[in-house]
Amino acid sequence: MIIAKERTLADTIRADFPILHQEVHDKPLIYFDNAATSQKPKAVLDTLQNYYQQDNANVHRAVHCLSARATEAYEGARDKVATFINTASRQEIVFTRNASEAINLVAYSWGLNNLQPQDEIILTVMEHHSNLVPWQIIAQKTGAVIKHVGLTATGEFDFEQFQQLLSERTKLVSVVHVSNTLGCINPVEAIISLAHQYGAKVLIDGCQSVPHMPINVQAMDCDWLVASGHKMCGPTGIGFLYGKLELLQAMPPFLGGGEMIAEVFLEHSTYADLPHKFEAGTPAIAEAIALGAAVDYLRELGMDKIHAYEEELTAYLFALLSQIPEVQIYGPLPQTGSKSRAALAAFTVEGLDSSDISTLLDQEGVAIRSGHHCTQPLHRLLGVTGTARASLSFYNTQAEIDAFIVALKETIDFFRSMMD
Ligand SMILES: *Cc1c(COP(=O)(O)O)cnc(C)c1O
302 MIIAKERTLA
312 DTIRADFPIL
322 HQEVHDKPLI
332 YFDNAATSQK
342 PKAVLDTLQN
352 YYQQDNANVH
362 RAVHCLSARA
372 TEAYEGARDK
382 VATFINTASR
392 QEIVFTRNAS
402 EAINLVAYSW
412 GLNNLQPQDE
422 IILTVMEHHS
432 NLVPWQIIAQ
442 KTGAVIKHVG
452 LTATGEFDFE
462 QFQQLLSERT
472 KLVSVVHVSN
482 TLGCINPVEA
492 IISLAHQYGA
502 KVLIDGCQSV
512 PHMPINVQAM
522 DCDWLVASGH
532 KMCGPTGIGF
542 LYGKLELLQA
552 MPPFLGGGEM
562 IAEVFLEHST
572 YADLPHKFEA
582 GTPAIAEAIA
592 LGAAVDYLRE
602 LGMDKIHAYE
612 EELTAYLFAL
622 LSQIPEVQIY
632 GPLPQTGSKS
642 RAALAAFTVE
652 GLDSSDISTL
662 LDQEGVAIRS
672 GHHCTQPLHR
682 LLGVTGTARA
692 SLSFYNTQAE
702 IDAFIVALKE
712 TIDFFRSMMD
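If you're matching positions, the sequence shown starts at 302 in our numbering and goes up one per residue.
So, in structure tokens, the structure goes:
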């Protein structure tokens, strides 16, 4: 008798992702670079195609039918994103090119106009370069001082140190929700409520959390949250900034141009209402609409289901990876509580260069990333120049993890035999 294995989430939806069904170097593709960018379901690809085939026109500018359709779909996508992260108002979602641009918007609009010499910005040592460099630029311009929260022995956000760093001088705390290298899930609710007690504003970098778990910005009570569309099954060229309404209202424009004005005179202008005040020029219309389709897709699967399935994958990945003696994994292990662990593993192999590992794995069809993953300061702190990183999504399977582990062991054996 054949015992039917229970179908996993991935089994039921893999057919939705055309790109996954191909071979590279004559091996079935195993895509484990989801933290860099995710793949796109057919619903998103069709949305892009249909938009250009049927509705393409500029938004907010004309009365003709196509423009009305494009505008309705573009603003509809804003509604979908707003609902997805449970904002209080649709005006709190600003479309940007990506998360980096969203952070720069806050840095240049709010930071440049609100930070004074000796004011303090608290970041962490695990931030992506996108949440470090803009603040370095703004600190240089304003005289504000940047402090960094370090790591605990288990490779997590050091909350005790954070408490010590906070003071009346703290004006901003900007923290990654889920580290793209350590995989730790930071206690953002506790961070936000404590920072607010000192009157500081809090920005959450949600690039690695929004695609993988339910997010409720009102419950979280963050002042801003940023994410990138391309990491959440949407296209490149679109991301968003969430900000509390009063805060966004008080912030001056970041970029000037068409779309963001109310009235323009030769010497001065008045600005459009939110969110248009922050969307200068023709936006990424097709990309925003397709991001709306990605959000529909994720909501239909259910973010709680996605998160639960990815937790299973995480446990499986770590069980196998931690059995390889030469492998060192960075960040907290799932044993310290799977709630604190995302479905990605950055690791090194004793004596091997991480780029050699990923090159050989590619020959086996396994796409993983190697290098500093845009967290150079963190890698410096860990004492390594680079790590290999396998990052998973809900369309990945245990069978793929098995194949990855086999390929990794073969790679290690291959280099061992060359060294002997
Ligand atoms: C990818 C990523 C970013 C930057 O996203 P872009 O799309 O490149 O702007 C920022 N923070 C984290 C944690 C990321 O993973």
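Cβ coordinates follow ideal geometry from the N, Cα and C atoms, glycine included. None of the values given here were measured: they were computed from a predicted structure.
Nearest to A646 (by Cα), restricted to the options R690, I438, G652: Taking the first residue of the sequence shown as position 1, residue 646 is located at position 345. Measuring from the Cα of A646, the nearest candidate turns out to be R690.
query: Taking the C-alpha atoms as reference points, what is the distance between V345 and A594?
result: What you label residue 345 is simply residue 44 of the sequence shown in a count that begins at 1. What you label residue 594 is simply residue 293 of the sequence shown in a count that begins at 1. Cα to Cα, the separation comes out at about 6 Å.
task: May I have a chain-ordered list of the beta strand (DSSP E) segments no shorter than 3 residues that lie completely inside the region 626-655?
output: 628-630, 645-650
field: For D420, the nearest candidate out of A383, T471, A378 (CA to CA)
entry: On the sequence shown, residue 420 is found 119 positions in, with the first residue counted as 1. Out of A383, T471, A378, T471 has the C-alpha closest to the C-alpha of D420.
- prompt: In this structure, does DSSP put E613 in helix, strand or coil?
  reply: As a working note, residue 613 is residue 312 in the sequence shown. Helix at E613.
- request: Could you work out which residue in R670, I438, A609 is closest to S641 when comparing CA atoms only?
  value: Numbered from its first residue, the sequence shown carries residue 641 at position 340. Considering only alpha carbons, the answer is A609.
query: In three-state DSSP terms, what is A333?
result: If you number the sequence shown from 1, residue 333 lands on position 32. The residue you asked about is not Ala; residue 333 is Phe in the sequence shown. Reduced to three states, the DSSP call for F333 is coil.
query: Does ligand 1 have a heavy atom nearer than 7 Å to the CB of Q509?
result: Looking up residue 509 in the sequence shown gives position 208. Because some heavy atom of ligand 1 lies under 7 Å away, the Cβ of Q509 counts as near it: yes.
- request: Going by DSSP, name the residue or residues bridged to D522.
  value: Taking the first residue of the sequence shown as position 1, residue 522 is located at position 221. Looking at the DSSP assignment, D522 forms no beta bridge with any residue, so it has no partner.
message: Three or more C-beta pairs under 8 Å: does that hold for the region 649-668 against the region 478-491?
response: no
- request: Please state whether DSSP places G672 in a helix, a strand or coil.
  value: To locate residue 672, count along the sequence shown from 1; it is residue 371. Strand at G672.
field: Range covered by the alpha helix (DSSP H) that runs through F385
entry: Numbered from 1 along the sequence shown, position 84 holds the residue referred to as residue 385. Where F385 is concerned, the enclosing alpha helix (DSSP H) stretches over 366-385.
field: Same chain, Cβ closer than 6 Å to L549, neighbours up to 5 away in sequence not counted
entry: Counted from its first residue, the sequence shown places residue 549 at position 248. These residues qualify, in order along the chain: L575.
message: Below 7 Å, is the gap between the Cβ of A287 and the nearest heavy atom of ligand 1?
response: This structure gives no information on residue 287, because the portion of the chain shown stretches from 302 to 721.
- prompt: Between which two residues does the alpha helix (DSSP H) containing V489 stretch?
  reply: The residue you call residue 489 lines up with position 188 of the sequence shown. Run containing V489: 489-498, per the alpha helix (DSSP H) assignment.
message: If contacts are defined as beta-carbon pairs under 8 Å, then R370 and D380 qualify, I think. What distance do you get, rounded to the angstrom?
response: Start at 1 with the first residue of the sequence shown, and residue 370 comes out as number 69. Start at 1 with the first residue of the sequence shown, and residue 380 comes out as number 79. Not confirmed; about 15 Å, so no contact.
message: Could you tell me which whole alpha helix (DSSP H) segments of length 4 or greater appear in the region 416-502?
response: 434-443, 460-466, 489-498
task: Consider the C-beta atom of G540 and the heavy atoms of ligand 1; say whether any pair is separated by less than 7 Å.
output: Against the sequence shown, residue 540 aligns to sequence position 239. Yes, ligand 1 has a heavy atom inside 7 Å of this Cβ.
query: CB V628 to CB L622, shorter than 8 Å?
result: In the sequence shown, residue 628 corresponds to position 327, counting from 1. In the sequence shown, residue 622 corresponds to position 321, counting from 1. Yes. Within cutoff.
task: State the Cα-Cα distance for the pair S639 and E612, rounded to the nearest angstrom.
output: Walking along the sequence shown from the start, residue 639 turns up at place 338. Walking along the sequence shown from the start, residue 612 turns up at place 311. For S639, the pLDDT reaches just 45, beneath the cut-off of 50, and the residue's location in the model is therefore unreliable, although a value from the coordinates is still provided. If I take the Cα positions, the gap works out to 7 Å.
- request: For N335, verify whether its CB is less than 7 Å away from any heavy atom of ligand 1.
  value: Here residue 335 corresponds to residue number 34 of the sequence shown, with the count starting at 1. Every heavy atom of ligand 1 is 7 Å or more from the Cβ of N335, so no.
query: Is DSSP giving L542 helix, strand or coil here?
result: Your numbering for residue 542 matches position 241 in the sequence shown. Strand, per DSSP.
field: Alpha carbon of L661 to alpha carbon of L321, nearest angstrom
entry: Within the sequence shown, residue 661 is the residue found at index 360, counting from 1. Within the sequence shown, residue 321 is the residue found at index 20, counting from 1. Their Cα atoms are separated by approximately 20 Å.
message: Pairs of beta-carbons, one from the region 584-601 and one from the region 337-352, closer than 8 Å: are there three or more?
response: yes
- prompt: Can you tell me whether DSSP reads E324 as helix, strand or coil?
  reply: For the purposes of this step, residue 324 is taken as residue 23 along the sequence shown, with counting starting at 1. Reduced to three states, the DSSP call for E324 is strand.
message: Rounded to the nearest angstrom, what separates T698 and L614 at their Cα positions?
response: In the sequence shown, residue 698 corresponds to position 397, counting from 1. In the sequence shown, residue 614 corresponds to position 313, counting from 1. Each residue's Cα considered, the two are about 7 Å apart.
field: Where the alpha helix (DSSP H) containing F705 begins and where it ends
entry: Here residue 705 corresponds to residue number 404 of the sequence shown, with the count starting at 1. 699-720 is the extent of the alpha helix (DSSP H) around F705.
query: By Cβ distance, which residues of its chain are closer than 6 Å to H531, with the 5 residues on each side in sequence left out?
result: Here the question's residue 531 lines up with position 230 in the sequence shown. Correct list, in chain order: T338, T537.
query: Hey, would you say I439 sits closer than 8 Å to G412, going by beta carbons?
result: Sequence index remark: in the sequence shown, residue 439 carries index 138 (1-based). Sequence index remark: in the sequence shown, residue 412 carries index 111 (1-based). Yes.
Per-residue burial, M428 [other beta carbons within 10 Å of its own, 16 or more giving buried]: By one-based count along the sequence shown, residue 428 stands at place 127. The sequence given here has Glu at residue 428, not Met. Buried, because 16 or more other Cβ atoms sit within 10 Å of the Cβ of E428.
query: Under the three-state reduction of DSSP, which class applies to I516: helix, strand or coil?
result: Mapped onto the sequence shown, residue 516 falls at position 215. Three-state result, I516: coil.
- prompt: Taking the alpha-carbon positions, what's the A258 to C534 distance?
  reply: Given that the chain is displayed from residue 302 to residue 721, the structure contains no residue 258 and the question cannot be resolved.
- request: Since I believe L679 is in contact with V426 (beta carbons under 8 Å), could you give me their beta-carbon distance rounded to a whole number of angstroms?
  value: As a first step, residue 426 must be located in the sequence shown, where it is residue number 125. As a first step, residue 679 must be located in the sequence shown, where it is residue number 378. Right, the Cβ-Cβ distance comes to about 6 Å (below 8 Å), so this counts as a contact.
- prompt: What is the DSSP secondary structure of S692, counted as helix, strand or coil?
  reply: Taking the first residue of the sequence shown as position 1, residue 692 is located at position 391. Of the three classes helix, strand and coil, the one that applies to S692 here is strand, per DSSP.
message: Considering only heavy atoms of ligand 1, does any lie closer than 7 Å to the CB of H497?
response: The residue you call residue 497 lines up with position 196 of the sequence shown. No, since every heavy atom of ligand 1 falls outside the 7 Å radius drawn around the Cβ of H497.
task: State the DSSP-derived secondary structure class of L504, mapped to helix, strand or coil.
output: In the sequence shown, counting from the first residue as 1, residue 504 sits at position 203. It is a strand residue.
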